[in-house]
Amino acid sequence: MHELGIVIEIIKTVENFAKKNNITKIDTIVLQIGELSTIIPRYVEVCYPVAVDKTMMEDTKLKIEIIPGNAICKSCNKVFNLIKNNGKCPDCGEAPWELLSGKEFLIKEIIAC
Amino acid sequence: MENFRILEIKESVFGDNNKMADSLRKDLKSKGVFLLNVMSSPGSGKTSTIVKTIEYLKDLNIGVMEADIDSAVDAETVSKTGAKVIQLHTGGMCHLDAEMTKQGLEGLGTDNLDLVILENVGNLVCPAEFDTGSSKNIMILSVPEGDDKPLKYPLMFSICDILLINKIDAIENFDFDFKAVEERAKNINPNIKIIPISAKKNENIDKFADWIKDEIKKWKENK
Chain B
47 MHELGIVIEI
57 IKTVENFAKK
67 NNITKIDTIV
77 LQIGELSTII
87 PRYVEVCYPV
97 AVDKTMMEDT
107 KLKIEIIPGN
117 AICKSCNKVF
127 NLIKNNGKCP
137 DCGEAPWELL
147 SGKEFLIKEI
157 IAC
Chain H
72 MENFRILEIK
82 ESVFGDNNKM
92 ADSLRKDLKS
102 KGVFLLNVMS
112 SPGSGKTSTI
122 VKTIEYLKDL
132 NIGVMEADID
142 SAVDAETVSK
152 TGAKVIQLHT
162 GGMCHLDAEM
172 TKQGLEGLGT
182 DNLDLVILEN
192 VGNLVCPAEF
202 DTGSSKNIMI
212 LSVPEGDDKP
222 LKYPLMFSIC
232 DILLINKIDA
242 IENFDFDFKA
252 VEERAKNINP
262 NIKIIPISAK
272 KNENIDKFAD
282 WIKDEIKKWK
292 ENK
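Going down the list, the sequences are from chains B and H. Offset between the first sequence (1-based) and our numbering: plus 46. Offset between the second sequence (1-based) and our numbering: plus 71.
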């Protein structure tokens, strides 16, 4: 359950961003979480209302976009999802692959009024 | 929706902390203070390893920061070594970030110190995600915890420069495959250095102390 500390970090970053850009009211914040990151979206959602309590983001909405954990097979160039295929290329088995996406954990954007 | 505007941030959630950590690292470098971040699960022997290691580093001025959710038990233990100690309370947080580390260093006072050892909160998950601004990261895995930990907590093993395997004197009592840990850890982090130790029996603590001295020397030469 490390998500609370992480959500507090997100709030700090967004608050700094808002200050710099003279934004006083935020409607929604959009996060991108990779399937292979160590962050569990459901826990982020649970922590969010607690973490934003009494901050400028108190009444904001949270939107999470999931980024698939995809890799490209080094021998046959097939792009496949690592989780669905158990870390192996579905076409040629255990060949080495290169990670394309899925480790991200980004604050994508905020929707301000 | 016309009244709404979308502002792109595209910043890593750890971005702010990483920036703060880098600036702290630079600041410590200019002051000549080497910060060693020690991480492990609770009960793996961080405090006893630190206490034993300090005995081999008598020619250095050492400060120790003990981070815990509560209590001053560890600070009391370490203060008996003669090192300068501060107890940090994270107030429920399971890790230290760069900002908290900076505040801790200010509280400790780094004047004339050569080495500050940061005993992070006992946890293999979050401390791996938050850069503290340390010069080097080390982790301790103790034999009773099992040889599967690199598989379960790969991020921690990937960010550490050295892995101490503690309580090696008790290996007979556990199904702990030393070779398997070595293989699993190197698979994640080929550069990781592994030293089996026993803080209780004082085994190989000198080797770890030598590693610290070596690293400080290299760090000082590398302007």
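Backbone N, C-alpha and C define an ideal beta-carbon position, used for all residues, glycine too.
DSSP three-state assignment for residue i, whether helix, strand or coil
i      : result
B:G139 : strand
B:V76  : strand
H:P198 : helix
B:L128 : coil
B:N68  : coil
H:M171 : helix
H:E253 : helix
B:L146 : coil
Span of the alpha helix (DSSP H), counted from its first residue to its last, around residue i
i      : result
B:E91  : P87 to V98
H:N88  : G86 to K102
H:I125 : K117 to E126
Pairwise C-alpha distance: residue j and residue i
i      : j      : result
H:G86  : H:E243 : 45 Å
H:I236 : B:D73  : 49 Å
H:D240 : H:S213 : 10 Å
H:S205 : B:I79  : 27 Å
H:G153 : H:V187 : 13 Å
B:K154 : B:V60  : 11 Å
H:V196 : B:I85  : 11 Å
B:P136 : B:I113 : 20 Å
H:G163 : H:S150 : 24 Å
H:M72  : B:I156 : At H:M72 the pLDDT is 49, less than 50, meaning the model places this residue with poor confidence; the figure from the coordinates comes in the next sentence. Distance between the alpha carbons of H:M72 and B:I156 is about 14 Å.
Residue environment, residue i, which counts as buried when at least 16 other CB atoms sit within 10 Å
i      : result
H:C231 : buried
H:N258 : exposed
H:S20  : No information on residue 20 of chain H is available, as it lies outside the stretch 72 to 294 that chain H covers here.
B:I75  : buried
H:H203 : Looking at the sequence shown, residue 203 of chain H is not His but Thr. When all chains shown are included, H:T203 counts as buried.
Proximity to residue i [Cα-Cα], best of the options
i      : options                           : result
H:D98  : H:E177, H:T120, H:L167 and H:E200 : H:E177
H:M227 : H:K271, H:I268, H:N208 and H:P215 : H:N208
H:G103 : H:D185, H:K264 and H:G162         : H:D185
B:K149 : B:M103, B:E81, B:A141 and B:D105  : B:E81
H:D168 : H:N262, H:P198, H:N194 and H:S142 : H:P198
For residue i, the first and last residue of its enclosing beta strand (DSSP E)
i      : result
H:D139 : I133 to D139
B:A158 : F151 to A158
H:E274 : Taken as a continuous stretch (DSSP letters only), H:E274 belongs to no beta strand (DSSP E), as it is neither H nor E.
H:P267 : K264 to P267
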